[in-house]
Structures are given as structure tokens and as C-alpha cells.
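Following: one structure in C-alpha cells, then a few remarks.
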Amino acid sequence: MEVTDFSEIQAEFEERVQAVIYCMLVTTDHNMRPRSRVVHPVWEGATGWVTSRRHSPKAKHLEYNPYVSVAYLPNPAKPVYAECIASWEDDREEKARIWAFLKATPAPYGFDPGTIFSSVDDPKYGLLKLTPWRIEVPSIPYGTLIWRGSN
Numbered sequence: 001m002e003v004t005d006f007s008e009i010q011a012e013f014e015e016r017v018q019a020v021i022y023c024m025l026v027t028t029d030h031n032m033r034p035r036s037r038v039v040h041p042v043w044e045g046a047t048g049w050v051t052s053r054r055h056s057p058k059a060k061h062l063e064y065n066p067y068v069s070v071a072y073l074p075n076p077a078k079p080v081y082a083e084c085i086a087s088w089e090d091d092r093e094e095k096a097r098i099w100a101f102l103k104a105t106p107a108p109y110g111f112d113p114g115t116i117f118s119s120v121d122d123p124k125y126g127l128l129k130l131t132p133w134r135i136e137v138p139s140i141p142y143g144t145l146i147w148r149g150s151n
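In C-alpha cells form, the structure reads like this:
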């Protein structure tokens, strides 16, 4: 069933992603070969934030294709899928805001980025913004709720 507003699935979405914490994020390389890896997004409404090094294989893949697929599998009957466009957040104020947001979010869902990066100004500190164009929240056997963003 399609829903028109993210708020219609937000509570269930947040409950599931916060229970699992980690998910699989799939990118494609320049030959369109998929590669999956485990990441730790923290969602702020319908926007996901992932800390990452700016010169990782993931970063190279995103140069070729910014579309990613995210999958959470807390329970095979209650997965979450988010199809997103990924972009690097380079605005220092926004990076600092999200640094504080990640740190203020209760663990284990939230975390202190300072355990990975020396500061907001660390050149290795990359902040990846996930903007979903589609989020799917299935409940087997009850059906699937699908929200589509603006991308």
C-alpha cells in the first residue's frame, strides 16, 4: 500500500531501524558491479546520516553512481528497505550540527563520532546524507507500506 506522507510510516520505520542499528548499504562501481557493506546510519526523520571516510571505496563508487540501496533485516518478516540518493555534506555548520546530533542521540543507536574522527574539522570526517526516494516497510504476511520521496 502506498502512503503519501512519511509520517504515516515514521513510527514503524524508526522502531525497526533503531532496534537493528546497522544495515547493509549497496553501491555500484564504475562497471556497475554491486558492493555491499555494513554501515550505521542515524535517521533524522526521512534523512539518513552516515559518517564515512571521504576516500573509501564507497566514496569512489558514489562518484560514478550516487544511488544506493539500504536494507535492514531485524526480523525476516519485518525488514526495512530504503532506496536513496547519497550526497556528501560539506557545509561545516551542518557537519557540526550532525556531529552533535549523533553524539546526543542515545547509544547504541547514536554514537560519539569523536571515537572515529578527531573533530568536525578532521579532513577524514565525511558525512554522507541519504535522501530516500522510496522507503518500503513490509510486514509479512500483512502487506507492505511504501512511501516515495521527491527524488
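Here the sequence shown stands for residues 1 to 151, numbered as in this note's numbering.
Glycine included, every Cβ here is placed at the ideal spot set by N, Cα and C.
Using only the alpha-carbon positions, how far apart do residue 156 and residue 142 sit? Because residue 156 is not part of the residues shown, which for the chain are 1 to 151, the question remains open.
Identify whether residue 64 lies in helix, strand or coil by the three-state DSSP scheme. In the sequence shown, counting from the first residue as 1, residue 64 sits at position 64. It is helical.
Mind checking which residues open and close the alpha helix (DSSP H) that includes residue 80? What you label residue 80 is simply residue 80 of the sequence shown in a count that begins at 1. From DSSP, residue 80 is part of no alpha helix (DSSP H) but of the beta strand (DSSP E) over 80-88.
Give me the residue from 50, 62 and 91 with the minimum Cα distance to residue 111. As a first step, residue 111 must be located in the sequence shown, where it is residue number 111. For the residues 50, 62 and 91, the minimum Cα distance to residue 111 belongs to 50.
6 Å CB neighbourhood of residue 134 in its chain, flanking five on each side removed: Within the sequence shown, the letter at position 134 stands for residue 134. Counting only Cβ-Cβ distances below 6 Å, and skipping sequence neighbours, we find 83 and 148.
Contact belief for residue 192 with residue 113 at Cβ below 8 Å, rounded distance in angstroms: With the chain running from 1 to 151 in the structure shown, residue 192 is simply not present.
With burial defined as no fewer than 16 other Cβ atoms inside 10 Å of the residue's Cβ, what is the status of residue 171: buried or exposed? Examination of residue 171 is not possible in this model, given that the chain is present from 1 through 151 alone.
Shortest alpha-carbon distance to residue 44 belongs to which of 105, 150 and 140? Taking the sequence shown and counting its residues from 1, the one referred to as residue 44 is at position 44. Nearest option by C-alpha distance: 105.
In the structure shown, what three-state DSSP assignment does residue 54 receive? As a working note, residue 54 is residue 54 in the sequence shown. Looking at residue 54 - three-state DSSP - the assignment turns out to be coil, as it is neither helix nor strand.
DSSP three-state call for residue 7: helix, strand or coil? What you label residue 7 is simply residue 7 of the sequence shown in a count that begins at 1. Helix.
Would you call the segment 30-38 and the segment 58-72 touching, i.e. three or more CB-CB distances under 8 Å? yes
Please report the distance separating the alpha-carbon of residue 95 from that of residue 21. Looking up residue 95 in the sequence shown gives position 95. Looking up residue 21 in the sequence shown gives position 21. Roughly 21 Å separates the two Cα atoms.
Straight-line CA distance for residue 136 to residue 1? Walking along the sequence shown from the start, residue 136 turns up at place 136. Walking along the sequence shown from the start, residue 1 turns up at place 1. In a straight line, the C-alpha of residue 136 is about 10 Å away from that of residue 1.
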